Structure formats: structure tokens, C-alpha cells
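The structure appears below as C-alpha cells.
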């Protein structure tokens, strides 16, 4: 009905007034479609597929097969240290905790940027450009470093594990007995 009644797009050309009572349903549908289309940029989720490989060391290769709108999931706010992650299963999106969430805490999701992987300037710039807000999550306010910028404490390195065990070999032997 919408397409048939709007073959002539401009009202002056087809002699109708778009506010006529008989067009109320068309205006409602058109305005609803416009709202949904304008929300897609900020509220669509990528739907991915994981392809298994024969390589036992690999968990597979993931790729995007499309986008979907999941209204309930669109209510979650962003954090660069998200409390949840999500995956699609058939026509459903499943959200699961990716870290401990204390009672009363906000249940957040990443809009594609994570403090451990992306520099703060890049995260803030991209979030402002794509989603129109200034991120004030704990990671941004606290200027948490990316994993690549963490200082390394040699006592926790795997390479030093053997030498650490050598120092305590006698103590370790006593524990085994």
C-alpha cells in the first residue's frame, strides 16, 4: 500500500496532501521506518559466523555475515572495560558476563573499543564520531594503559619461571615429600 500510494513522491505532483486522514497509516509507517533507519548506525549489531579450521591450535576464523537490530541489547551502555559480551545463536542474541559484575553495578557492553587493545585517544575519538558521546567509563577516566603499554615485572614473566623455581628447589623438594 505504501509503495502503490507513493508512486508520485511529491504531493504537489500527485495532487494529494500527505496529512489527509486516509494517509495516516502511511505517515506512521514512513516515520517509523525513518526512525529505524536513522537508529541503525548506532544500534545495529554485527552478526558473525565462526568457521572451524583443521588447525588444532586455532579456534577458527570469524567473519561478519550481516547486521541485526536487537532492541533490548541496544539499551546497554558502552564501557571500554565491558561487563558483558554477546554472541548470536540463530535469530537470538545472547549476552553473557565477561567478568564479575557486583550487585547494583551497571551491565555494560563494548561498542567495539576496549581499553586493553585501543589507545584512549582513538577510543574517545571513534566513540564521539560514531556514537555521538564522550566516554567517561572507568578505563577512560583512569587512563588505563593498553596491554602493549603495560610495564612488565620480570618476576611474573614465564621466561623467569624456571629460574624462580631453581632458587626455591630445596623448598619445593621438601613440599613434594
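Residue numbers (my numbering): 33 to 209. Where a beta carbon is used, it is the ideal one built from N, C-alpha and C, also for glycine. Since we're looking at a predicted model, the values are computed, not measured.
For residue 171 and residue 130, the rounded distance between their alpha carbons:
16 Å
Just to confirm the assignment: which complete beta strand (DSSP E) runs, minimum length 3, are found wholly within the segment 91 to 156?
93 to 101, 116 to 121, 124 to 129
So, at 7 Å on beta carbons, what are the nonlocal neighbours of residue 145 in its own chain, with the 5 sequence-adjacent residues on each side left out?
112, 155, 158, 159
In or out: residue 97 buried (at least 16 other Cβ within 10 Å) or exposed?
Residue 97 counts as exposed, since fewer than 16 other beta carbons sit within 10 angstroms of its beta carbon.
Using CA atoms only, rank isn't needed, just tell me which of 110, 153, 81 is closest to residue 176.
153
Can the beta-carbon of residue 114 be found less than 7 Å from the beta-carbon of residue 139?
no
Which first and last residues belong to the beta strand (DSSP E) in which residue 81 is found?
76 to 83
Can you give me the Cβ contacts of residue 76 inside the same chain, cut-off strictly under 6 Å, excluding the 5 residues immediately before and after it?
99, 101
Would you report the Cα separation of residue 127 and residue 109, rounded to the nearest angstrom?
Cα to Cα, the separation comes out at about 13 Å.
If I follow the unbroken alpha helix (DSSP H) through residue 170, where does it start and stop?
Under the DSSP assignment, residue 170 falls in the alpha helix (DSSP H) whose first and last residues are 170 to 173.
C-beta atoms of residue 120 and residue 168 nearer than 7 Å:
no
Cβ neighbour criterion (16 or more within 10 Å) applied to residue 143
buried
Classify residue 147: buried if its beta carbon has 16 or more other beta carbons within 10 angstroms, exposed otherwise.
buried
Closest Cα partner of residue 103 within the set 84, 55, 74
74
Whole angstroms are fine: how far does the CA of residue 182 sit from the CA of residue 56?
Roughly 59 Å separates the two Cα atoms.
In three-state DSSP terms, what is residue 165?
coil
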